[in-house]
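See structure below.
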Amino acid sequence: MDIPLATPLLLALLLCSLSFVHGAMDSCYDDDEGVPSRCMPKFENAAFNRTIIASNVCGSPPEDYCMQTSSTRSCHHCSVSDMGLSHNASLLTDFHTDEEPTWWQSQSMFYRVQHPNSVNLTLRLGKAFEITYVRLKFYTSRPESFAIYKRTNQDGPWVPYQYYSASCSKTYGKNAKGYIRPGDDERMALCTDEFSDISPLTGGNVAFSTLEGRPSAYNFDQSAVLQEWVTATDLLISLDRLNTFGDEFFKDAKVLRSYFYAISDFSVGARCKCNGHGSECVLDEQGALVCDCQHHTAGVDCQKCHPFYQDRPWARATGDSANQCMKCNCSGRADACVFDAEQYRSTGSGGRCVDCRDHTDGPHCERCKENHYRRSPQDLCRPCDCNTIGSVSLQCGAEGMCTCRPSVTGEKCDTCQPGFHSLSPGGCRSCDCETRGSVGICSTLDGGCHCKDSVEGQACDRWCKPGSFNLQENNPAGCTSCFCFGHSLACRSSNDHAAVNITSDFLEGIQPIMIILKVLTSKFLGNHLLSYGQLLSLTFTAEAQCLLPHSVTVLLEGSGITLSADLSPQPGLVHQPGLAPQHTFTLSINDLQTLSPDTSQLSGVTLASAAHSSSPVTSSTPPAPWVEVCTCPPGFGGQFCELCAPGYTREVPNRGPLSPCVPCTCHQHGPCHPETGVCKCADFTTGPTCERCLDGYYGNALIGTTNDCQTCPCPDRTSCAQIMEIGDVVCTNCPSGQRGTRCELCEDGFHGDPLGRSGLVRQCERCDCNGNVDPNALGVCDHMTGRCFKCLGHTEGDHCQRCRRGYYGDAMDRTMAGKCKPCDCSPAGTSGLLEDCDPQTGSCQCLSHVTGRDCGQCSVGFFNLQPGVGCERCNCNPIGSSSAGCHPITGQCVCQPGLEGRLCSTCRMGFFGFSSRGCRACNCDPMGSRSMQCHTNGTCPCRQGFVGYKCDQCELNYFHNRATHQCEECPICYGLVKEEVRVCACLRKAVSLSIFFSVSVYLLFCQNPYPLVLSVHMLILAEVVCVFFSSKQFVYLGKTAVISTALAIQRKPGSGLLRAHKMTLLYLPVSFSHLFLSTMQSLFLTSLHLSLSYLTSFFSFLHTFLPWGEILLLQYVPFVHVRFKNNNCKIPYCVVCGVIVALTVI
């Protein structure tokens, strides 16, 4: 934004737009009374420092632009990479002044920025604002056409706000007009040409007021249309056509660069929209802008009520009313409510509570829910819980009592009345139970009768449960459990037994009271299965003046079990008979041995029983239904399952009918006893269960056929066994030394043919292996021939009687020391196979000059045993060695004193004079000798300045320095004459040798005199150079140079002709001609002035002679570089004085 805000028009628009807001309010409640009132956020420039998104910015790529004034154009540069030259969109909303403006700028018309290509500027406010005005200040001339758009949500469509164009109809299809008539759509965007002139060229303002020209602007609080019209979340400025002078037609680049969009300020006067329910906008936890809502409102724009403040519809606050949201009345029994418009119209309270607690209902949770009740308004509502089937209605009375159907009772009508059952919509049904099998009344739930323990059925009418029989009304259990000795649960009543009583009286007289024990007569003892479940009646008598005993006990004994029953009467003379526990007698009635009441006042005994009747039972002979007929499982027999069926026996022998029956385990080879289970075996079987064959027989007795066991096919009918997997019969008790399935083979370690299958019968005999086999090993010999297989101790043979190849000794020796030992022939010294040695002595076959039993040593005078070769001769020097023998491995001879070397043919270091007596010591002087080793004549190599046979004297012109123990040179004056004489001598010798060598080369290899002439030229050149260096400079060079010479021998291709040439000019791999030419030029510059003919001749020699053939021999010494004193040219030393040095060396 810029300062100041300039135009009178803008001030007028602001005053007009402020008319509908009545100023900003700081508080949403009256400070004195706390009454809610309308409040609004402060009015602000909503665009300040906000990010503007521009679709086009100059400077990318960098460009020039020109500013138009009334008379001149000034051109400048725009670049996004230079902040000082950048005009990005952030400069639209920054802080600046008119004196130092900043502006956003688009690319120029040079880059095709012109209609129909638009440039867009987008401002995103982040939430809804109420827009008062939009103001643009242009840095260049205002556009010929541009438009302002808005949208009310971030994803909504763009809605036109205002058009500015000098060609409204052509550009936007709108007629230029500046107002809206009453009755028109006040949300219509207008188009005006008022701000579309090209002047001013800079600083032109455009201000758009959102309410200007809108008829309802002065009644804004009641106009929902205008409230929506001023609301915007985003603004878009679309710059559609530039204003020009028309000179762009000529496409002049400088003209095109002068037309572009540039805006220095983009301001938006607005308030954060909170609908009058918030005085400020803040950032939420996600960083989004939202209203700080009051008046119990909520939402980003305070556009709705809080969830529990829904008693009237939400409304925007006005100057007359805050329209705050009202709290719902839910009687404290709900935490949420919703607005109900119909309820609000009818009652004036629109808050309908949801999820009422405590079983309440109604718009305000003011009543109990249906089918609930409470005794007073203060009490909690409770559910009626009326039974849906037994109740006439699910709603109960104030006390919670339900209205029941007929024959239904209970507070909740959920129970049938006594004698009724099965509650249903029609009421309850009456009970219908079988009297013999039930006790009491039926279940009120399902009508199920309460059956006796052993009776079943809905009405206890399905007779006895499985495992019982004989339904009787006087039986407390209803039915009697099947006895069947515990082997079956299936039984029924017998139809061919009649009821009888076993009685006995003792009326002969009252027995004295002293008699304590009385044993009943034998008719009460024994098997009483026919009295199972019946009463044993005991009658006691006493005198009038006597009382019955206080304790009466009856004992029953049988089958090793004793049971007792306490029949003690109650005090008094009259005693009603009682029943002893029924199970007391059940276990032993099969074999009752003793029935003993312990009183002497017993007068009669009666036991109900039954007798078998062949005729049908009649009324005169009442039936005995308590007698059972059992349905026995397999393995059992008899009326009471008291017997084992044929083929079965007791699981536990001799335990009587109570023991289970199991199948006989005789494997079909005989019967078994039904009580003991003992088998009577047949079919050549034996064992407690006939499970195996008799001895001498084989087979599987467990199969169960008569042919299970067969006679063993073994000698003398000895025992055998059958391998069941393959069916083969194997004898298990063969005679000693024999084996096999039929004893047809000899045992391991034996041989023979006991059955004569290969000829004559031969008894098995032990194999003879001379003790050279492991007696515990298997398969040591052939069971037919006795030939030994597994000879030990390196022996072999049919009886392990000789040593194996590669061993020697006595295989039949019984001691280990005499047994076979390995030959161990040396691989290096043996001429034949390593296994070939004398079987008695063990001597190996040796190579030449090899000795020893194992051929592991060289003979005397030989050494270095080599495989396949033998030993080589020592060859000791007969003069230098003291004996003919040498070390057997290294071959070192025994040397005379002072000698060394393997052959003793060399004097040791520091010795000389090889002879039969050895070598003599050199005894060189350590100070004067370069080495302690002397020459073959005994002279020592001397250091500089030392002479003499042992280098123990100083040289001529040298003296002995006692301090250093060295021979030092005398002053130089003593050596001048000597040096001159030595140099001249060397030159004379060099010249003579060079001439001799050149002539020799010509005579041996050359076919014309040309090389001889060249050699003479070289000689002359050498003399000239020698004269040149016969000065102090030659002495200097001679001390630092490296001797360099070369010899080349060539062969002419296709022939055996050889040529040789001695060269002092050689540098590989540089060409000889070029190297020598550069060197000769250096010599010429040093004023030697050599003859051009010499240079040409030697140059031609190098080009004609050296390429003639391949080089067979090349010998040279490298060179070093030195400098001439008279110039700074580097030349190889071998070129300058190499000839001289070579001549002197030769």
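The sequence shown lines up with residues -23 to -1, 1 to 1123 when you count with mature numbering (1 follows the signal peptide of the UniProt record, and there is no 0).
Note that CB positions come from ideal geometry on N, CA and C, so glycine has one too.
No experiment lies behind these values; they were computed from the predicted model shown.
Please state whether DSSP places residue i in a helix, a strand or coil.
| i | result |
| --- | --- |
| Thr913 | coil |
| Glu107 | strand |
| Gly806 | coil |
| Glu946 | strand |
| Phe226 | helix |
| Pro192 | helix |
| Pro120 | coil |
| Lys796 | coil |
| Val655 | coil |
| Arg830 | coil |
| Val202 | helix |
| Gln740 | strand |
| Val416 | coil |
| Arg351 | coil |
| Gln320 | helix |
| Phe342 | A quick correction: the sequence has Cys, not Phe, at residue 342. Here Cys342 sits in coil by DSSP. |
| Gly145 | The amino acid occupying residue 145 in the given sequence is Cys; Gly does not appear at that position. Three-state result, Cys145: helix. |
| Tyr926 | coil |
| Leu233 | helix |
| Phe87 | helix |
| Leu357 | coil |
| Cys305 | coil |
Please identify the residue among the options whose C-alpha is closest to the C-alpha of residue i.
| i | options | result |
| --- | --- | --- |
| Arg897 | Ser906, Val277, His912, Arg907 | His912 |
| Cys800 | Cys848, Ser906, Gly783, Asp297 | Gly783 |
| Val604 | Ser458, Asp9, Val385 | Ser458 |
| Pro602 | Glu450, Pro692, Glu619 | Glu450 |
| Lys442 | Lys429, Pro453, Asn452 | Lys429 |
| Lys796 | Asn749, Phe839, Gln263 | Asn749 |
| Arg734 | Glu721, Ser298, Gly770, Ser51 | Glu721 |
| Arg413 | Gly455, Tyr88, Phe923 | Gly455 |
| Tyr156 | Gly845, Phe185, His272 | Phe185 |
| Ile703 | Gly714, Ala318, Asn677 | Asn677 |
| His474 | Arg359, Glu40, Ala588, Ser481 | Ala588 |
| Ser431 | Thr99, Trp440, Leu266, Gly915 | Trp440 |
| Gly647 | Pro637, Asp660, Pro690, Phe87 | Asp660 |
| His398 | Thr772, Ser83, Ile418 | Ile418 |
| Phe936 | Asp759, Tyr926, Cys947, Asp929 | Cys947 |
| Leu635 | Gly809, Leu810, Asp161, Cys618 | Cys618 |
Can you tell me which residues form a DSSP beta bridge with residue i?
| i | result |
| --- | --- |
| Leu824 | Answer is none; Leu824 lacks a bridge partner. |
| Gly843 | This sequence places Gln at residue 843; Gly is not what is there. DSSP, once it has assigned bridges, lists Gly847 as partnering Gln843. |
| Gly581 | Asp482, Thr516 |
| Ala475 | Ala588, Pro600 |
| Arg218 | Ser122 |
| Cys765 | Cys758 |
Hey, residue i and residue j are a contact pair by Cβ (cut 8 angstroms); roughly how many whole angstroms apart?
| i | j | result |
| --- | --- | --- |
| Lys304 | Tyr286 | 5 angstroms |
| Asn710 | Ser696 | 5 angstroms |
| Cys670 | Cys656 | Not really, about 14 angstroms apart at Cβ, beyond 8 angstroms. |
| Cys358 | Tyr350 | 7 angstroms |
| Leu400 | Cys393 | 6 angstroms |
| Pro18 | Gly255 | 7 angstroms |
Check whether the stretch 649 to 657 touches the stretch 615 to 626, taking contact to mean three or more Cβ pairs, one atom from each stretch, closer than 8 angstroms. In short, these stretches touch, since the Cβ pair count reaches three.
Are the stretch 59 to 70 and the stretch 121 to 140 in contact at 8 angstroms, needing three or more beta carbon pairs? The stretch 59 to 70 makes no contact with the stretch 121 to 140: fewer than 3 CB pairs, one atom from each, lie closer than 8 angstroms.
Taking one C-beta from the stretch 854 to 861 and one from the stretch 813 to 821 each time, how about it: are there three or more such pairs within less than 8 angstroms? Judged by Cβ distances under 8 angstroms, the stretch 854 to 861 makes no contact with the stretch 813 to 821, as fewer than three pairs qualify.
contact_flag[the stretch 871 to 889, the stretch 837 to 850] where n(CB pairs < 8 angstroms) is 3 or more: With the cut-off at 8 angstroms, the stretch 871 to 889 and the stretch 837 to 850 do not touch.
How about the stretch 319 to 338 and the stretch 230 to 238: do they share at least three Cβ pairs that are nearer than 8 angstroms? They do not touch, by the three-pair rule.
Three or more beta-carbon pairs under 8 angstroms between the stretch 71 to 79 and the stretch 206 to 216, yes or no? No, the stretch 71 to 79 is not in contact with the stretch 206 to 216.
Hey, is the stretch 831 to 848 in contact with the stretch 861 to 868, meaning 3+ C-beta pairs nearer than 8 angstroms? In the pairwise beta carbon analysis, the stretch 831 to 848 is classified as touching the stretch 861 to 868: at least three pairs are separated by under 8 angstroms.
Can you confirm whether the stretch 172 to 191 touches the stretch 111 to 120 when touching is taken to mean that 3 or more C-beta pairs between the two stretches lie within less than 8 angstroms? When Cβ pairs closer than 8 angstroms are counted between the two stretches, the stretch 111 to 120 is seen to touch the stretch 172 to 191, the count reaching three or more.
For the stretch 165 to 175 and the stretch 136 to 145, state whether three or more C-beta atom pairs, one from each stretch, are separated by less than 8 angstroms. Judged by pairs of C-beta atoms under 8 angstroms, the stretch 165 to 175 touches the stretch 136 to 145, as three or more such pairs exist.
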